[in-house]
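Peer 1: Numbering (my numbering), first residue to last: 8 to 238. Got a structure for you, questions after.
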Amino acid sequence: MATVPPRQFRYYDLILGAFVCVLLCANLIGPAKIAEVHGIDFGAGVLFFPISYLFGDILTEVYGYARSRRVIWSGLIALVFASIMSAVVVALPPARGWHDQAAYETIFGQTPRIVIASITAFFVGEFVNSFVLAKMKLLTAGRWLWTRTVGSTVCGEGVDTLVFYPVAFLGVWSGSLLGKVMLFNYIAKVLWEVLATPMTYRIVAFLKRVEHEDYYDRDTDFTPFALRVTR
8 MATVPPRQFR
18 YYDLILGAFV
28 CVLLCANLIG
38 PAKIAEVHGI
48 DFGAGVLFFP
58 ISYLFGDILT
68 EVYGYARSRR
78 VIWSGLIALV
88 FASIMSAVVV
98 ALPPARGWHD
108 QAAYETIFGQ
118 TPRIVIASIT
128 AFFVGEFVNS
138 FVLAKMKLLT
148 AGRWLWTRTV
158 GSTVCGEGVD
168 TLVFYPVAFL
178 GVWSGSLLGK
188 VMLFNYIAKV
198 LWEVLATPMT
208 YRIVAFLKRV
218 EHEDYYDRDT
228 DFTPFALRVT
238 R
């Protein structure tokens, strides 16, 4: 009996690419810098990292958990490769006429703790986000999209924050700074998702219309450790 190939979609690959791009930029550029605006300390990456959760919500809502899972694994592989590449390039001995090694190390020389924290937090946070959204879609029978986009972000970003900052910076930053940054970043990420809700509605409606897809994960195997898509 011939196997039916998985469906092809017009915009799935574009969203996958955008997701990976945002993920790499947010993790390579933002995590180690603490910014201060009007007396409030926050991690600079918080301004852009929540976009990856927005993409995760859209992917799971429209295409289902299994296709979102493939995107998460694509992001994880890209993140691991970028971390390895950064470590190798930083470790290469600089040419005698090149005097920017210290600056380069400051920008790209992430410690192993930050790398491990970024990869681990991303992995667990994104899968929690996708799982919660898929389950809430079943519970709400596809109604009240805002409840599952916000609800999944509350769970996913919560796990991400609780994993990343202690693993990366506990003992490096003071306890008070760590606590303030964690709390502010978490609130900012959730608020970012709330403010993006009207845009999320428009994108989801557009994709469901042009892709002729609105997937419900009724019979889905929710293990993170699989890549197969059967439809």
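Glycine included, each C-beta is placed from N, C-alpha and C at the ideal position.
Which one or two residues does DSSP pair with Phe49 in a beta bridge?
Peer 2: The count along the sequence shown starts at 1 and reaches residue 49 at position 42. BP columns for Phe49 point to Ala42.
Peer 1: How many whole angstroms separate the CB atoms of Val166 and Val135, which I take to be in contact at a CB cut-off of 8 Å?
Peer 2: Along the sequence shown, read from residue 1 onward, the residue named residue 166 stands at position 159. Along the sequence shown, read from residue 1 onward, the residue named residue 135 stands at position 128. Confirmed, Cβ separation roughly 5 Å.
Peer 1: Quick one: what's got a C-beta closer than 7 Å to Gly116's C-beta in the same chain, skipping five residues either side?
Peer 2: Locating residue 116 in the sequence shown gives position 109, counting from the first residue. Val97, listed in sequence order.
Peer 1: If you follow the alpha helix (DSSP H) that Glu68 is in, where does it begin and where does it stop?
Peer 2: Looking up residue 68 in the sequence shown gives position 61. Element bounds for Glu68: 57-70.
Peer 1: Do you know offhand how far Thr168's Cα is from Phe16's?
Peer 2: Numbered from its first residue, the sequence shown carries residue 168 at position 161. Numbered from its first residue, the sequence shown carries residue 16 at position 9. Cα to Cα, the separation comes out at about 33 Å.
Peer 1: To the nearest whole angstrom, what separates the beta carbons of Ile123 and Leu83, a pair I think is in contact under 8 Å?
Peer 2: For the purposes of this step, residue 123 is taken as the residue at position 116 of the sequence shown. For the purposes of this step, residue 83 is taken as the residue at position 76 of the sequence shown. Wrong, their Cβ atoms sit about 13 Å apart, outside the cutoff.
Peer 1: Is the Cβ-Cβ distance between Val197 and Thr154 less than 8 Å?
Peer 2: Here the question's residue 197 lines up with position 190 in the sequence shown. Here the question's residue 154 lines up with position 147 in the sequence shown. No, these two residues do not count as a Cβ contact at 8 Å.
Peer 1: In whole angstroms, give me the CA-to-CA distance for Thr204 and Leu61.
Peer 2: Position 197 of the sequence shown, counted from the start, is the residue given in the question as residue 204. Position 54 of the sequence shown, counted from the start, is the residue given in the question as residue 61. Spanning the two alpha carbons is a distance of roughly 9 Å.
Peer 1: Under DSSP, the alpha helix (DSSP H) around Leu21 begins and ends at which residues?
Peer 2: Taking the first residue of the sequence shown as position 1, residue 21 is located at position 14. It spans 19-36 - the alpha helix (DSSP H) in which Leu21 sits, taken as one unbroken run.
Peer 1: On the premise that Phe176 lies in contact with Ile47, defined as a C-beta separation below 8 Å, what is that separation, rounded to the nearest angstrom?
Peer 2: Stepping through the sequence shown from its first residue, residue 47 is reached at position 40. Stepping through the sequence shown from its first residue, residue 176 is reached at position 169. Not quite, the Cβ-Cβ distance comes to about 17 Å (not below 8 Å), so this is no contact.
Peer 1: Given that a residue counts as buried once 16 or more other Cβ atoms are within 10 Å of its Cβ, and exposed if not, what is Pro100?
Peer 2: Translated into the one-based positions of the sequence shown, residue 100 becomes position 93. Label assigned to Pro100: exposed.
Peer 1: Are the Cβ atoms of Ile58 and Val78 separated by less than 8 Å?
Peer 2: On the sequence shown, residue 58 is found 51 positions in, with the first residue counted as 1. On the sequence shown, residue 78 is found 71 positions in, with the first residue counted as 1. Result no, Cβ atoms of Ile58 and Val78 do not sit closer than 8 Å.
Peer 1: Hey, out of Ala212, Arg209, Phe56, whose CA is closest to Ala25's CA?
Peer 2: By 1-based counting over the sequence shown, the position of residue 25 is 18. Checking every option, the nearest Cα to that of Ala25 belongs to Phe56.
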